[in-house]
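Sequential numbering from 215 applies to the sequence shown in my numbering.
Glycine is no exception: its CB is placed at the ideal position from the N, C-alpha and C atoms.
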Amino acid sequence: MGDFTPGITNKITISRIKKIIQTYGTRASLLFVAFLFIWPMLWLVFASFDANAPLAVRLPENVTLDNYKDVLTKGSNYRSFLNSFFISFSQATLVVILSILASYPLSRYKIKGKSTLMYSLLFLTGLPITAIMVPVYMVFFELKIINSLISTTLFLVSTALPYSIWMMKNFLDDVPLTLEEAAWIDGANTLQTLKHVIFPAILPGILVVFIFTFSGSWGNFFVPFILISSVEKLPASVAIYQFFGAYGSVQFGQLAAFSLLYTLPIAGLYILSQKFMSNGFSLGGSIK
Numbered sequence: 215m216g217d218f219t220p221g222i223t224n225k226i227t228i229s230r231i232k233k234i235i236q237t238y239g240t241r242a243s244l245l246f247v248a249f250l251f252i253w254p255m256l257w258l259v260f261a262s263f264d265a266n267a268p269l270a271v272r273l274p275e276n277v278t279l280d281n282y283k284d285v286l287t288k289g290s291n292y293r294s295f296l297n298s299f300f301i302s303f304s305q306a307t308l309v310v311i312l313s314i315l316a317s318y319p320l321s322r323y324k325i326k327g328k329s330t331l332m333y334s335l336l337f338l339t340g341l342p343i344t345a346i347m348v349p350v351y352m353v354f355f356e357l358k359i360i361n362s363l364i365s366t367t368l369f370l371v372s373t374a375l376p377y378s379i380w381m382m383k384n385f386l387d388d389v390p391l392t393l394e395e396a397a398w399i400d401g402a403n404t405l406q407t408l409k410h411v412i413f414p415a416i417l418p419g420i421l422v423v424f425i426f427t428f429s430g431s432w433g434n435f436f437v438p439f440i441l442i443s444s445v446e447k448l449p450a451s452v453a454i455y456q457f458f459g460a461y462g463s464v465q466f467g468q469l470a471a472f473s474l475l476y477t478l479p480i481a482g483l484y485i486l487s488q489k490f491m492s493n494g495f496s497l498g499g500s501i502k
């Protein structure tokens with residue numbers, strides 16, 4: 215037995231070394247990924263308080279709020295944020311309403327070809343927006359609805375509906391049919407059942423779809439850039455390019471301040487709705 219002890223000890227030592235390498239290797243990888251996300255945010259924070267902010271990350275030489283004052287006192291910036299809010303809120307609201315109305319019969323009724331329709335919706339979710347923007351632009355131009363916030367919003371609604379219908383149907387599938395049957399026995403019609411039974415049951419799911427759609431619309435640059443040409447109607451995602459001047463000059467301080475202000479609505483929305491978001495993804499288990 216004594217002859218095998220060194221070999222066993224060596225195996226145990228090698229096993230421990232492997233575990234240590236795996237543990238610290240995983241931690242180092244996670245720290246590196248975290249660094250890649252945190253470093254740009256540090257630049258945004260430092261540069262927003264620096265009157266002469268460079269592209270490099272550094273502590274402000276003289277802390278000042280001038281960049282925020284310049285951004286907040288410029289009327290076009292207010293207008294761009296209002297345009298972004300109009301597009302994002304309108305799109306998210308319409309998508310929630312339409313996705314509920316479209317997904318309810320898909321969830322509750324046996325419809326011929328439902329599987330084909332669902333797979334078609336899944337296919338549409340993977341269709342890149344860049345692949346359809348040229349024909350969309352031509353259609354908008356021919357119909358003379360280009361440079362319109364309303365038409366741009368409606369187009370964004372159509373692009374967000376396939377995935378939203380798919381998500382909403384999954385939430386509705388987790389609501390027991392017995393809840394609706396009990397409401398029908400009490401004399402409620404379909405609309406009353408939707409209002410008083412279905413909506414409260416899938417409220418976390420509604421918020422998930424709303425936040426998902428709102429955040430996607432808020433950060434959408436490509437579609438407004440193509441379909442909106444008037445400076446007065448540009449959302450903040452496109453108006454941010456005003457800080458890039460001619461001959462490569464960039465107002466880094468104001469750009470950083472504008473970017474931080476631009477992220478606040480989404481960050482606040484996620485923080486306020488964090489509880490509902492977590493409940494939404496576990497909706498099925500909580501109901502069952």
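Helix, strand or coil for residue i? Go by DSSP, reduced to three states.
i	result
residue 435	coil
residue 458	strand
residue 277	strand
residue 389	coil
residue 482	helix
residue 508	Any answer about residue 508 is impossible in this case: the structure gives the chain only from 215 up to 502.
residue 419	helix
residue 448	coil
residue 430	helix
residue 218	Unreliable positioning characterises residue 218 in this predicted model, as indicated by a pLDDT of 49, which lies under 50. The coordinate reading is nonetheless provided below. DSSP places residue 218 in coil when its eight states are reduced to three.
residue 443	coil
residue 487	coil
residue 402	coil
residue 473	helix
residue 534	It is not possible to answer for residue 534, since the shown part of the chain is limited to 215 through 502.
residue 365	helix
residue 425	helix
Exposed or buried, what is residue i when buried is set at 16 or more other beta-carbons lying within 10 Å of its beta-carbon?
i	result
residue 414	exposed
residue 514	Because the chain is modelled from 215 through 502, residue 514 falls outside the range shown and cannot be assessed.
residue 297	buried
residue 449	buried
residue 467	buried
residue 352	exposed
residue 512	An answer regarding residue 512 cannot be provided, because it is not within the stretch 215 to 502 covered by the chain.
residue 366	buried
residue 418	buried
residue 262	buried
residue 472	buried
residue 476	buried
residue 392	exposed
residue 279	exposed
Run through the DSSP bridge pairs and tell me what residue i is partnered with.
i	result
residue 411	Residue 411 pairs with nothing; no bridge assigned.
residue 464	458
- Query: Curious, which full-length alpha helix (DSSP H) runs of at least 4 residues does the segment 229-313 contain?
  - Reply: 280-286
- Item | Segment contact, 8 angstroms Cβ cut-off, at least three pairs: the segment 290-307 with the segment 420-438 | yes
- Message: With a threshold of 8 angstroms, are at least 3 pairs of Cβ atoms found where one atom belongs to the segment 265-272 and the other to the segment 331-345?
- Response: no
- Message: Could you tell me which whole alpha helix (DSSP H) segments of length 4 or greater appear in the segment 314-345?
- Response: 328-339
- Just checking, does the segment 288-295 make contact with the segment 399-407 on the three C-beta pairs under 8 angstroms criterion? no
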